[in-house]
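K.L.:
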Amino acid sequence: MRKAVLEELQKARAEKRQVVLVTNLGNGDQELIYPFEMDKKSDLYDAARAALRHDKPAVVDLPEGSVFLNIFNPPLRLFIIGAVHIAQSLAPMAASAEYEVTVIDPRRSFGSTFRFPNVHLDNRWPDEALADLKPDRRSAIVTLTHDAKLDDPALQHALRSDAFYIGALGSGRTHAKRQQRLLKAGFTEADFARIHGPIGLDIGAKSPAEIAISIMAEITAVLRGKAAS
Numbered sequence: 173m174r175k176a177v178l179e180e181l182q183k184a185r186a187e188k189r190q191v192v193l194v195t196n197l198g199n200g201d202q203e204l205i206y207p208f209e210m211d212k213k214s215d216l217y218d219a220a221r222a223a224l225r226h227d228k229p230a231v232v233d234l235p236e237g238s239v240f241l242n243i244f245n246p247p248l249r250l251f252i253i254g255a256v257h258i259a260q261s262l263a264p265m266a267a268s269a270e271y272e273v274t275v276i277d278p279r280r281s282f283g284s285t286f287r288f289p290n291v292h293l294d295n296r297w298p299d300e301a302l303a304d305l306k307p308d309r310r311s312a313i314v315t316l317t318h319d320a321k322l323d324d325p326a327l328q329h330a331l332r333s334d335a336f337y338i339g340a341l342g343s344g345r346t347h348a349k350r351q352q353r354l355l356k357a358g359f360t361e362a363d364f365a366r367i368h369g370p371i372g373l374d375i376g377a378k379s380p381a382e383i384a385i386s387i388m389a390e391i392t393a394v395l396r397g398k399a400a401s
């Protein structure tokens, strides 16, 4: 690998950018591309986006020869708003799926190390925490508090981010009220459509653990491009 390519790759990884190293298998030429940062339509870019989305390298046959796509994804992150019972099941579940998990809740009696051992806790208000944590294209955000004072600021910040998944707990009626508040705050119907609510796949979940399973399943489906249209 040429020094310039290596230095650019190191810089891209430090900046947590999704990057693909393209190696021509015939002549060894290499280049770095940023598939999600360019609105470019081609077999190469389409294959590179799919490889990043599935966290899997690939070989692609192009007119100029076969190329190997080596992917470099930043870590997956999950931000859970609300240190509630569902979060107690969801946090370790997501960690086992290799997400960096942060539970955000200013209510210290909820967000305690006793209730969330080995979980990164952030006791700031959600909008303040998310502004600092900067969710990106590899981030999922879920709101679980049922408290508009906590959930709405988090959702507003989430909708201004590139988070690949945004989910909100609540019934259909609660979600409709949430929609009205967000529209009044200046968001559009298209913005609101990014929110998965009621959250999780419909598997008939009842207990906090089952709801956490449904949420993790939906996050995975969206990440891997398998979500129902």
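Position in the sequence shown (first residue = 1) + 172 = the working numbering.
Note that CB positions come from ideal geometry on N, CA and C, so glycine has one too.
#1: Is the Cβ-Cβ distance between I375 and I387 less than 7 Å?
#2: CB V273 to CB L302, shorter than 7 Å?
#3: Classify Q249 as helix, strand or coil using the three-state DSSP reduction.
#4: Identify the continuous alpha helix (DSSP H) that holds Y337 and give its terminal residues.
#5: Kindly indicate which three-state DSSP category Q190 falls into: helix, strand or coil?
#6: Write down the C-beta distance between Q190 and N245 rounded to the nearest angstrom, noting that I regard them as a contact closer than 8 Å.
#7: Using 10 angstroms around the beta-carbon of S401, count the other beta-carbons present and answer buried if the total reaches 16, otherwise exposed.
#8: Comparing C-alpha positions only, which one of D363, L305, T195, D201 sits nearest to I172?
#9: Our contact map puts I338 next to R366 with C-beta atoms below 8 Å; I'd like the distance itself, whole angstroms only.
#10: For I205, which residues of its own chain have a beta-carbon under 8 Å away from its beta-carbon, when the five flanking residues on both sides are left out?
#11: Given a cut-off of 7 Å on the beta-carbon distance, is the pair S402 and P298 in contact?
#12: How close, in whole Å, do the beta carbons of S261 and A384 come, if the pair is a contact with beta carbons under 8 Å?
#13: Whole angstroms are fine: how far does the CA of R185 sit from the CA of A320?
#14: Short of 6 Å in beta carbon distance, which residues of its chain neighbour A330, apart from the five on each side in sequence? Order them along the chain.
#15: In whole angstroms, give me the CA-to-CA distance for R280 and G200.
#16: Find the nearest neighbour of G397 within the set A223, A267, I258, A266, judged by alpha-carbon distance.
#17: With 16 as the cutoff for other CB atoms within 10 Å, does F286 come out buried or exposed?
#18: Using a Cβ-based criterion (distance less than 6 Å to any ligand heavy atom), does V192 qualify as near the ligand FAD?
#19: In this structure, does DSSP put S386 in helix, strand or coil?
#20: Using DSSP's beta-bridge definition, name the partner residues of S311.
#21: L234 by DSSP, collapsed to three states: which one?
P.N.:
The structure says:
#1: With contacts defined by Cβ atoms closer than 7 Å, I375 and I387 do not form a contacting pair.
#2: Not a contact, by the Cβ cut-off of 7 Å.
#3: Looking at the sequence itself, residue 249 is Arg, so the reference to Gln does not match. Here R249 carries a strand assignment [DSSP, helix/strand/coil].
#4: No alpha helix (DSSP H) holds Y337; the beta strand (DSSP E) holding it covers 337–340.
#5: If DSSP states are grouped into helix, strand and coil, Q190 belongs with coil.
#6: Rounded to whole angstroms, the Cβ separation of Q190 and N245 is 6 Å, and the two are in contact under 8 Å.
#7: Confidence is the limiting factor: at S401 the pLDDT is only 47, short of 50, which leaves the residue's position unreliable and the question unanswerable from this model.
#8: This structure gives no information on residue 172, because the portion of the chain shown stretches from 173 to 401.
#9: At roughly 5 Å, the Cβ-Cβ gap stays under 8 Å, so I338 and R366 are in contact.
#10: Hits under 8 Å: V191, V192, V194, L216, Y217, A220.
#11: Examination of residue 402 is not possible in this model, given that the chain is present from 173 through 401 alone.
#12: Between A384 and S261 the Cβ distance is about 4 Å, and since that is below 8 Å, they are a contact.
#13: Between the C-alpha atoms of A320 and R185 there is a straight-line separation of about 36 Å.
#14: Taking C-beta separations shorter than 6 Å and ignoring five residues to either side along the sequence, the partners of A330 in its chain run I313, I338, following chain order.
#15: Approximately 55 Å, taken between the alpha carbons.
#16: For the set A223, A267, I258, A266, the Cα lying nearest the Cα of G397 is the one of A223.
#17: When all chains shown are included, F286 counts as exposed.
#18: By its list of ligands, the structure shown contains no ligand whatsoever, and the ligand FAD lies outside what it can speak to.
#19: In the three-state reduction of the DSSP assignment, S386 falls in the helix class.
#20: Beta-bridge partners of S311 (DSSP): R249.
#21: Collapsing the DSSP output to three states places L234 in a strand.
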